[in-house]
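Worksheet: the structure to be examined is printed underneath.
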Amino acid sequence: MSQPVHKIRTGALQATIWRNFAEKGNWYSVKLTRGYKTDEGWRETENLGHDDLLPAAKLLDLAHTWVMHQLEADRKGRKQSEQVVK
10 MSQPVHKIRT GALQATIWRN FAEKGNWYSV KLTRGYKTDE GWRETENLGH
60 DDLLPAAKLL DLAHTWVMHQ LEADRKGRKQ SEQVVK
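The opening position of the sequence shown corresponds to residue 10 in the working numbering, with each subsequent residue numbered one higher.
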């Protein structure tokens, strides 16, 4: 299984960012989870409580910013490699 390229955490919430490869360029997906502790140890859920909503919005905003910067870096890298090949 591939590894995530980036993780952003705030409190019990985490955004995990994955890079996906395609012919037209990379694309990214984000999984939002909330950690919680049980008697057996730490678990993750995709379900959020009402107290999680605003922190989740901020976390997703940070994930969006990171992905947008990464896409720009990917475009620049692809442009440079195309120029070298020519």
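Positions of the beta carbon are idealized from the N, C-alpha and C atoms, including for glycine. Please read all numbers here as calculations on a predicted model, not as lab measurements.
Buried or exposed (CB count within 10 angstroms, at least 16 for buried), residue i
| i | result |
| --- | --- |
| L62 | exposed |
Contact set for residue i: own chain, Cβ-Cβ below 8 Å, skip 5 residues either direction
| i | result |
| --- | --- |
| K16 | Q23, A24, T25, I26 |
| G50 | none |
Chain-order list of residues whose beta-carbon lies under 7 Å from that of residue i (same chain, five-residue window excluded)
| i | result |
| --- | --- |
| R28 | V14, N35, Y37 |
Sheet register partners of residue i (DSSP bridge)
| i | result |
| --- | --- |
| V39 | I26 |
| R18 | Q23 |
| W51 | K46 |
Check whether residue i and residue j have beta carbons under 8 Å apart
| i | j | result |
| --- | --- | --- |
| V39 | A72 | yes |
| A9 | L80 | In this structure the chain extends from 10 to 95, so residue 9 is not present and cannot be described. |
| T19 | L69 | no |
First through last residue of the beta strand (DSSP E) which encompasses residue i
| i | result |
| --- | --- |
| K33 | Neither: K33 is in no beta strand (DSSP E) and is coded neither H nor E. |
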